[in-house]
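Asks: Here it is, the structure in full.
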Amino acid sequence: MPRDMLLKLTQYYGVMVQKTMKMRCLCLCVFQIIVNVKLAAVRWAEKSLKIIGKAMLRLDRFSEAFRPSIANDHR
């Protein structure tokens, strides 16, 4: 095999390996972004549920405060 052909072949494979590594890195970066977005969505959902839960608890306490007086008015 001629020397220049061997050199071209190794350069070609080197470029292909570099492109493969870049693609792999790009895929990992995209995957990491997707994971981060999912985690952010989960955290947002947890915070929203906590806020909704607190609001419902306050509403329960508020309605409990007025329930006895409403019951006494009907007697």
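Residue numbers (this note's numbering): 32 to 106. Don't be surprised by glycine CBs; every beta carbon is placed ideally from N, CA and C.
Nearest-angstrom Cα distance between V66 and L59?
Replies: Against the sequence shown, residue 66 aligns to sequence position 35. Against the sequence shown, residue 59 aligns to sequence position 28. So the alpha carbons of these two residues sit roughly 10 Å apart.
Asks: Measuring straight from C-alpha to C-alpha, what distance separates R55 and A76?
Replies: Position 24 of the sequence shown, counting from 1, holds the residue named residue 55. Position 45 of the sequence shown, counting from 1, holds the residue named residue 76. If you take the alpha carbons of R55 and A76, they lie about 31 Å apart.
Asks: In whole angstroms, give me the CA-to-CA distance for S94 and F62.
Replies: Walking along the sequence shown from the start, residue 94 turns up at place 63. Walking along the sequence shown from the start, residue 62 turns up at place 31. Whole-angstrom Cα-Cα distance: 47 Å.
Asks: Among the residues of its own chain, which have a CB less than 7 Å from the CB of K39, if the five just before and after it don't count?
Replies: Within the sequence shown, residue 39 is the residue found at index 8, counting from 1. Once the five neighbours on either side are set aside, K39 has no close Cβ partner at all.
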